[in-house]
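Student: Provided herewith is a single structure, encoded as structure tokens, for subsequent inquiry.
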Amino acid sequence: MDLSPIIISFQTAIIAIFFTFFSGTLIAYLVFRQKNQGLKILLNSLFTLPLVLPPTVFGFFLLDIFGVQQPIGKFLLDFFSVKVVFSWAATVIAAVAVSFPLMYRSGIAAFEQIDPDLLAAAKTLGFSEKKIFFKIAFPLAINGLLAGGVLAFARGLGEFGATTMLAGNIAGKTRTLPLAIYSAVAAGDWSLARQYVTIIVLICLLILFLTELFSRKSRRTHG
1 MDLSPIIISF QTAIIAIFFT FFSGTLIAYL VFRQKNQGLK ILLNSLFTLP
51 LVLPPTVFGF FLLDIFGVQQ PIGKFLLDFF SVKVVFSWAA TVIAAVAVSF
101 PLMYRSGIAA FEQIDPDLLA AAKTLGFSEK KIFFKIAFPL AINGLLAGGV
151 LAFARGLGEF GATTMLAGNI AGKTRTLPLA IYSAVAAGDW SLARQYVTII
201 VLICLLILFL TELFSRKSRR THG
């Protein structure tokens, strides 16, 4: 069995979750603290949109952004000699894009469980928003955030549609576990496909166990 899809999948998911966890947490907190309810609804809808869009549609948008004939893709290629499309970086970008909404929604849910009186009291004591976040909000929401992070990691690990559109299915370079399963089935190698499927199912079961563990801790913290 070729181990490169497993290695590529974990490399992609680990790098992706680093960006997803911190950006999702920060943006979720900023939206959570937003006072304008109309703007809050709009932002919630916008940041959740990739969760409901078909992955291939979102992959098309990414391709339309980073394609070498598009402004951003052309700029990266001309000035930095960086071609995103069909590169390993493309697998990370796709994983971040599709896993971000899970992290964001988990972050919103985690912050909404915090007693608002605690945040209001901190504000009256002269705490800045930065201090409220790091001293109160983040520590109280950490278990919910970790649960979201684990789910986002799993989503990045299992990404298929957007990765196919932006990164392609290049053996040893952009072929992740889901793509390896697809390729094995397409080639009629069901034995290899079953091996890859077994690996990803076991990983997902472990991830769900960790998610449930952090969720229970979060409920106990706010219960």
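Going by UniProt numbering, the residue at position 165 of the sequence shown is 165; the numbering climbs one at a time, nothing skipped.
We put the beta carbon where it would ideally sit given N, CA and C, even for glycine.
Every value quoted in this text rests on a predicted model; they were computed, and no experiment measured them.
1. So, for residue 20: in the same chain, excluding its five sequence neighbours on each side, which residues have a beta-carbon less than 6 Å away from its beta-carbon?
2. Would you grab the beta carbon distance between residue 150 and residue 214 for me? Rounded to a whole angstrom, and I think it's under 8 Å.
3. Does the distance from the C-beta atom of residue 106 to that of residue 67 stay below 8 Å?
4. With the cut-off set at 8 Å, would you say residue 177 and residue 6 are in Cβ contact?
5. Measuring straight from C-alpha to C-alpha, what distance separates residue 86 and residue 216?
6. CA-CA distance, residue 197 and residue 40?
7. So, under 8 Å CB-CB, residue 59 and residue 65 are touching, yes? Tell me the CB distance rounded to an integer number of Å.
8. Using CA atoms only, rank isn't needed, just tell me which of 11, 2, 165 is closest to residue 154.
9. Please state if the CB of residue 167 and the CB of residue 91 are separated by a distance shorter than 8 Å.
10. Only counting the same chain, and skipping five residues up and downstream in sequence, which positions put a Cβ closer than 8 Å to that of residue 119?
11. According to DSSP, is residue 143 helix, strand or coil?
12. Does the distance from the CB of residue 200 to the CB of residue 144 come in under 8 Å?
13. Thinking C-beta only, is residue 4 closer than 8 Å to residue 194?
14. Rank 81, 63, 82, 204 by C-alpha distance to the C-alpha of residue 94 and give the top, closest one.
Tutor: The structure says:
1. The residue you call residue 20 lines up with position 20 of the sequence shown. Cβ within range, chain order: 96, 99, 100, 103, 152.
2. In the sequence shown, the residue the question calls residue 150 occupies position 150. In the sequence shown, the residue the question calls residue 214 occupies position 214. Between residue 214 and residue 150 the Cβ distance is about 7 Å, and since that is below 8 Å, they are a contact.
3. Position 106 of the sequence shown, counted from the first residue, corresponds to residue 106. Position 67 of the sequence shown, counted from the first residue, corresponds to residue 67. No; because the gap between Cβ atoms is not below 8 Å, this pair is not in contact.
4. For the purposes of this step, residue 177 is taken as residue 177 along the sequence shown, with counting starting at 1. For the purposes of this step, residue 6 is taken as residue 6 along the sequence shown, with counting starting at 1. Yes, the pair counts as a contact, with Cβ atoms nearer than the cut-off.
5. On the sequence shown, position 86 is the one that residue 86 refers to. On the sequence shown, position 216 is the one that residue 216 refers to. Taking the straight line joining both Cα atoms gives about 40 Å.
6. The residue you call residue 197 lines up with position 197 of the sequence shown. The residue you call residue 40 lines up with position 40 of the sequence shown. Between residue 197 and residue 40, the C-alpha separation is close to 40 Å.
7. For this step, residue 59 is matched to residue 59 along the sequence shown. For this step, residue 65 is matched to residue 65 along the sequence shown. With 8 Å as the limit, residue 59 and residue 65 do not qualify as a contact, their Cβ atoms being about 11 Å apart.
8. Mapped onto the sequence shown, residue 154 falls at position 154. Comparing Cα-Cα distances from residue 154 to each of 11, 2, 165, the minimum goes to 11.
9. Against the sequence shown, residue 91 aligns to sequence position 91. Against the sequence shown, residue 167 aligns to sequence position 167. A contact, by the Cβ cut-off of 8 Å.
10. Start at 1 with the first residue of the sequence shown, and residue 119 comes out as number 119. Contacts found: 132, 136, 137.
11. To locate residue 143, count along the sequence shown from 1; it is residue 143. Of the three classes helix, strand and coil, the one that applies to residue 143 here is helix, per DSSP.
12. Mapped onto the sequence shown, residue 200 falls at position 200. Mapped onto the sequence shown, residue 144 falls at position 144. Result no, Cβ atoms of residue 200 and residue 144 do not sit closer than 8 Å.
13. In the sequence shown, residue 194 corresponds to position 194, counting from 1. In the sequence shown, residue 4 corresponds to position 4, counting from 1. No, the Cβ-Cβ distance between residue 194 and residue 4 is not below 8 Å.
14. Within the sequence shown, residue 94 is the residue found at index 94, counting from 1. If we check each option's Cα against that of residue 94, 63 comes out closest.
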